[in-house]
Amino acid sequence: MPRRLPGYKVTATVYWAEPGQTDSDPLITADNSRIKRNHSSKDRWIALSRDMLKQNGGKFKYGDLVHVSGISPKLDGVYVLHDTMNRRLRRTIDLLVHKDEKLYGKWDNVRISRVAKPELQWQAS
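This is the structure we're talking about:
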């Protein structure tokens, strides 16, 4: 597994792709990715609060792999950053799940870190 970079302690919640928890187009993320209608927590997509994004002085950018730990064996793991949270939130992450999974909760002191993508090296054949 690629190495993890320095981490952060955050508050974590879960969200569903529906207008009450997103915007008026819940199946399109902030980076313009499309959420499948039958998605589940196994898809491993994450939203971060805006203060953690590079464009706002943070360390993460869309497409980054983010390692999450401190929630539960089912939800801990590596996620792909595709979405952004409401601007009122700080140091917070949201894990995309399906409503039918009946996963609810708010967790404090969750650790996240960006996972370094392996550098591709050219080799002559």
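Its first residue numbered 189, the sequence shown is counted upward by one per residue in the numbering used here. Heads up, the beta-carbon is just placed ideally off N, CA and C, and yes, glycines get one too.
- Here Ser229 carries a helix assignment [DSSP, helix/strand/coil].
- A residue is called buried when at least 16 other Cβ atoms come within 10 angstroms of its Cβ; Tyr292 does not meet this threshold and is exposed.
- Put simply, the segment 264-284 touches the segment 244-253. At least three CB pairs are less than 8 Å apart.
- Distance from the Cα of Lys290 is smallest, within the candidate group Asp239, Leu263, Ile216 and Arg222, for Leu263.
- DSSP places His270 in the uninterrupted beta strand (DSSP E) bounded by Gly265 to Thr272.
- For Lys305, the closest alpha carbon among the candidates Val198, Phe248 and Trp204 is that of Phe248.
- Only buried fits Ala235, as 16 or more other CB atoms lie within 10 angstroms of its CB.
- Every beta strand (DSSP E) of 3 residues or more that sits fully in the segment 235-301 is shown, in chain order, as 253-257, 265-272 and 280-284.
- Taking the C-beta atoms as reference points, Thr199 is found nearer than 8 Å to Lys294.
- Straight through space, the alpha carbons of Val303 and Gly258 are spaced by roughly 16 Å.
- Going by C-alpha positions, Lys242 is about 22 Å away from Val202.
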